[in-house]
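Chains as they are written, first to last, in our numbering: chain A, 1 to 222; chain B, 1 to 216. Each residue gets a CB set at the ideal place from its N, CA and C atoms; glycine is no exception. Here's the structure we're looking at; comments come further down.
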Amino acid sequence: MHRFLLAVLRRDLTLAARRRGDWLIAQFFFVMVASLFPLGVGPEPEMLARIGPGVLWVAATLASLLSLSRLFADDHHDGSLEHMVLSPEPTVLLVLGKSIAHWLIYGIPVLLIAPVLGIQFNLSWDAILVLELSLLLGTPILSLLGGVGAALTLGLRGGGVLLTLLILPLYVPALIFGAGAVDGVMTGTGAEAHLSLLGAFMMLSLMIAPWIAAAALRVSLE
Amino acid sequence: MPDPLLSVHDLACARGERLLFKGMGFGLEQGQLLLVQGGNGQGKTSLLRLLTGLARPEAGEVRWRGESIRRVSEAYHAEMCYLGHANGVKDDLNPVENLRFADGLHGRAFDQKRAVDTLERLGLSRCLDLPCRVLSFGQRRRVALAALLLAGATLWILDEPLTGLDVHAVALMEGLIRDHLKAGGMVVATTHQALNLEGVTVQRLLVGNVAIPDLA
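See the structure below:
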């Protein structure tokens, strides 16, 4: 079982290493969106610190959508998705493996870039630390739930836009608790409650999302 | 009498509102070849997808060793290999890497020498280090055939396996199918091309109602 999971991971990471442009685009998008806000709302440090957590979280959410539409689409196009679904292992593991690979390719770079953008938004070190924690718990949710959307919209025309409309509402809890945790530490109410809820939401997604995505994938492949 | 290894019972298939076929039944034993024939759009590919388990039938069921493939899908998929219209070959990987990942995903140990031998046997010795992106259509098809050979499956389900192959490769493919059947394998294939399969009993199944001339 774990051998299959590792095989999926190794495959997706190798493919990502061969096509660096694909996932770099999502990271550039993350940086771009976050950098446009200071230009738009003005450079006052207090204002930036107040909107910072929300802006960074929204930017991370949008960046994840950019890469999710291709989670299954490329493999579907060249037929390798059918081969993987027809492997002796359950489809749930395939979906889980691909979601984890997506998180490694998209989530880890976001975690690395976020502190730099946090400084740009005049966040304190405490706030940046909590931002990192909230992204660490929150970005896997985006990858897992995104897998459901990617499976549902597989093979549809305009699937990318539909995916966005379908999945963004599901991202709302992650966004609220993620940005809320950073706000909490800045206003002094503490971040523990938000982070706990975020962690619980991640565990819930981890348990449920792969099953739904696997079922959606089977429907899309019919 | 026990069920044949692969058996189909009262199968019906619909695409949208249109019923493609119903009441289809046949059995296939080891060493047998089933050639699915029919005009374009008559449901050949749909039938093959039902046999693989990728699609669900409207009615009826497909059985493997007497059990519905829904119930024994993992055991069935370990013994079945499907080659569809798309090759399942990743453009960014070279042929050997493609075979390595295919083995990994199916839980088989990868044997580099055997993979290279198979690719060379299929005439790809000069393309081993090239990403599949730069290979021709026929060469990519050959990579897919190499994956089929290495899968070591009992049942091959082949959807137009000869598309894009030159005469040498077609002859090679005919030899591979004969060898596979002799070794106790089973093949379900669709093709519009004539197949030279001496010494092989060919079962034919006509899908749809358009009569077509005898090919093999």
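For this session: Give me whichever residues DSSP pairs with B/Thr-190 in a beta bridge.
Result: Residue pairing by DSSP places B/Thr-190 opposite B/Val-36, B/Asp-159 in a beta bridge.
* **Same chain, Cβ closer than 6 Å to A/Ala-181, five either side skipped, listed in chain order** => Result list for A/Ala-181: Val-130, Ser-134, Ala-191, His-194, Leu-195, in chain order.
Nearest chain A C-beta to B/His-77 closer than 8 Å, yes or no? Chain A, which has a Cβ nearer than 8 Å to the Cβ of B/His-77, makes this yes.
Does B/Lys-90 get closer than 8 Å to chain A when you measure Cβ to Cβ? Yes, B/Lys-90 counts as interfacial toward chain A.
Since B/Leu-130 contacts B/Asn-94 with CB under 8 Å, what's their CB separation in whole angstroms? Confirmed, about 6 Å.
Quiz item: If you measure from the beta carbon of B/Asn-87 to each beta carbon in chain A, is any gap under 8 Å?
Solution: Judged by the 8 Å Cβ criterion, B/Asn-87 is in contact with chain A.
Own chain, CB closer than 7 Å to A/Arg-218, minus 5 neighbours either side, in chain order: The residues are Thr-91.
For B/Met-24, which residues does DSSP report across the bridge? In the DSSP output, where bridge partners are listed per residue, B/Met-24 has B/Leu-11.
Q) How long is the line joining the alpha carbons of B/Gly-84 and A/Met-32, rounded to whole angstroms? A) So the alpha carbons of these two residues sit roughly 42 Å apart.
**Request:** Tell whether a beta-carbon distance below 8 Å holds between A/Leu-144 and A/Ser-220.
**Result:** No, these two residues do not count as a Cβ contact at 8 Å.
> Short check: CB of A/Trp-57 to CB of A/Ala-179, under 8 Å?
Replying inline: Between A/Trp-57 and A/Ala-179, the CB-CB gap stays under 8 Å.
| What are the start and end residues of each continuous alpha helix (DSSP H) run of 4 or more residues lying completely inside the segment 54 to 118 of chain A, in chain order? | Listed in chain order, the complete alpha helix (DSSP H) runs (minimum 4 residues) inside the segment 54 to 118 of chain A are 73 to 77, 80 to 85, 91 to 102.
Along chain B, in chain order, which residues have C-beta atoms closer than 7 Å to that of A/Pro-88?
Within chain B, the residues near A/Pro-88 are Glu-74, His-77, Ala-78, His-106, Gly-107.
* Flag this pair as touching only if the segment 115 to 124 of chain B and the segment 11 to 18 of chain A have three or more C-beta atom pairs under 8 Å; answer yes or no. => Because the criterion of three Cβ pairs below 8 Å is not met, the segment 115 to 124 of chain B and the segment 11 to 18 of chain A do not touch.
Exercise for review: Consider the Cβ of A/Leu-135: report whether some Cβ of chain B lies at a distance smaller than 8 Å.
Suggested key: It does not; no Cβ of chain B falls within 8 Å.
Quiz item: Skipping 5 residues on each side, what residues in its chain have a beta carbon closer than 8 Å to that of B/Leu-181?
Solution: For B/Leu-181, same chain residues with a beta-carbon under 8 Å away, outside a window of 5 residues either side, are Gly-31, Gln-32, Leu-33, Val-187, Val-200 in chain order.
Boundaries (first-last residue) of the alpha helix (DSSP H) holding B/Ala-86
Bounds of any alpha helix (DSSP H) do not take in B/Ala-86, whose DSSP letter is neither H nor E.
Could you check where the beta strand (DSSP E) with B/Ala-147 kicks off and where it finishes? No beta strand (DSSP E) contains B/Ala-147, which is instead part of the alpha helix (DSSP H) from 137 to 151.
Kindly say whether A/Val-110, judged by its beta-carbon, lies nearer than 8 Å to any beta-carbon of chain B.
-> The C-beta of A/Val-110 comes no closer than 8 Å to any C-beta of chain B.
First and last residue of the uninterrupted beta strand (DSSP E) at B/Gly-60
Element bounds for B/Gly-60: 59 to 64.
| message | Does chain A have any CB closer than 8 Å to the CB of B/Ala-216? | response | A caution first: B/Ala-216 carries a pLDDT of 42, below 50, which makes its placement in the model too unreliable to give a value.
task = Please confirm if B/Leu-119 has its CB atom under 8 Å from at least one CB of chain A.
result = So, not an interface residue.
Open item on the list: Residues of the segment 57 to 91 of chain A in Cβ contact with chain B at a cutoff of 9 Å, in chain order, please.
Closed with: Residues passing the 9 Å Cβ filter: Asp-74, Asp-75, His-76, His-77, Asp-78, Gly-79, Ser-80, Leu-81, Glu-82, His-83, Met-84, Val-85, Leu-86, Ser-87, Pro-88, Glu-89, Pro-90.
- [ ] Determine whether the Cβ of A/Val-182 lies closer than 8 Å to any Cβ atom of chain B.
- [x] No, no contact with chain B.
key: For B/Arg-204: DSSP bridge partner residues   = Per DSSP, B/Leu-35.
> Span of the alpha helix (DSSP H) holding B/Arg-178?
Replying inline: For B/Arg-178, the uninterrupted alpha helix (DSSP H) run begins and ends at 167 to 182, by DSSP.
Here's the rule I'm using: 16 or more other beta-carbon atoms within 10 Å means buried, otherwise exposed. How should A/Trp-125 be labelled? Burial call: exposed.
For a cutoff of 8 Å on Cβ pairs, would you count B/Gly-84 as touching chain A? Yes, contact with chain A.
| field | Helix, strand or coil at B/Arg-121 according to DSSP, with G and I counted as helix | value | Three-state DSSP puts B/Arg-121 in a helix.
Checklist line | Beta-ladder partner(s) of B/Leu-6, from DSSP | finding: For B/Leu-6, which the question treats as bridged, DSSP gives the partners B/Leu-28, B/Trp-64.
Discussion item. The alpha helix (DSSP H) that contains A/Ser-205, what's its start and end?
Written reply: From DSSP, the alpha helix (DSSP H) with A/Ser-205 extends over 192 to 221.
- Should B/Asn-87 be labelled buried (16 or more other beta-carbon atoms within 10 Å of its own) or exposed? It is buried - the Cβ of B/Asn-87 has at least 16 other Cβ atoms within 10 Å.
Discussion item. By the DSSP assignment, the alpha helix (DSSP H) with A/Gly-161 in it spans what residues?
Written reply: Note on identity: in this sequence residue 161 of chain A is Val, with Gly being the wrong assignment. Residue range 159 to 187 is occupied by the alpha helix (DSSP H) that includes A/Val-161.
Using 8 Å for Cβ pairs, my map puts A/Ala-49 next to A/Asn-122. What's the rounded Cβ distance? Contact flag correct, Cβ pair sits at about 5 Å.
- Item | For B/Ala-216, three-class secondary structure by DSSP | Residue placement at B/Ala-216 is flagged as unreliable, the pLDDT there being 42, under the threshold of 50; the coordinate-derived value follows with that caveat. B/Ala-216: coil per DSSP, three-state reduction.
Please check if any C-beta of chain A sits within less than 8 Å of the C-beta of B/Thr-191. Output row for B/Thr-191: interface = no.
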